[in-house]
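S.K.: There's a structure below that I have some questions on.
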Amino acid sequence: MSAKPSVLFVCVHNAGRSQMAAAYLTHLSAGAIEVRSAGSQPAEQINPAAVEAMAEEDIDISSELPKVLTTEAVADSDVVVTMGCGDECPFFPGKRYEDWVLEDPAGKGVEAVRPIRDEIKSRIEALITDLLPAQSGTR
């Protein structure tokens, strides 16, 4: 792993789960981890309920745009976290892959997105502790 670890979050539309995860990791790691997100079939815009749920956490993702998953993004990342893209995610030997089974927030209201958001936050906190063990006590 590089001096500054990098994480790529991947879900099909890159409009909800992966965007919330990327925003949490950026926010909670205070820039100590390089963060990317992408989708195998990106949507046209971020899920409005995800935007609202993250705004409740004082994190603004309203200006984010779904991005297409590229082989380069996977190659440039130390850790690849998939959230439902399955076999569409390129595999590179030596990369750390995790598959987070999370409910898809697509088409759901903010009330249904909050538990998904909270689960993502919990997993992000554990990921930070794992990737930055020396710094985890200083957050």
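Here the sequence shown stands for residues 31 to 169, where the numbers follow our numbering.
Ideal Cβ placement from N, Cα and C applies to all residues, glycine included.
Measure how close the beta-carbons of Ile146 and Leu55 come, nearest whole angstrom, since I'm counting them as under 8 angstroms.
M.R.: With 8 angstroms as the limit, Ile146 and Leu55 do not qualify as a contact, their Cβ atoms being about 16 angstroms apart.
S.K.: Taking buried to mean at least 16 other C-beta atoms within 10 Å of its own C-beta, is Ser93 buried or exposed?
M.R.: So Ser93 counts as exposed.
S.K.: Could you tell me the alpha carbon to alpha carbon distance between Asp108 and Gln75, rounded to whole angstroms?
M.R.: In a straight line, the C-alpha of Asp108 is about 27 angstroms away from that of Gln75.
S.K.: To the nearest angstrom, report how far apart Val140 and Arg126 are at their CA atoms.
M.R.: Each residue's Cα considered, the two are about 32 angstroms apart.
S.K.: Tell me the residue span of the alpha helix (DSSP H) that contains Glu94.
M.R.: First-last for Glu94: undefined, no H or E at that position.
S.K.: In terms of residue numbering, what span does the beta strand (DSSP E) encompassing Ser67 cover?
M.R.: Start and end: 64 to 69.
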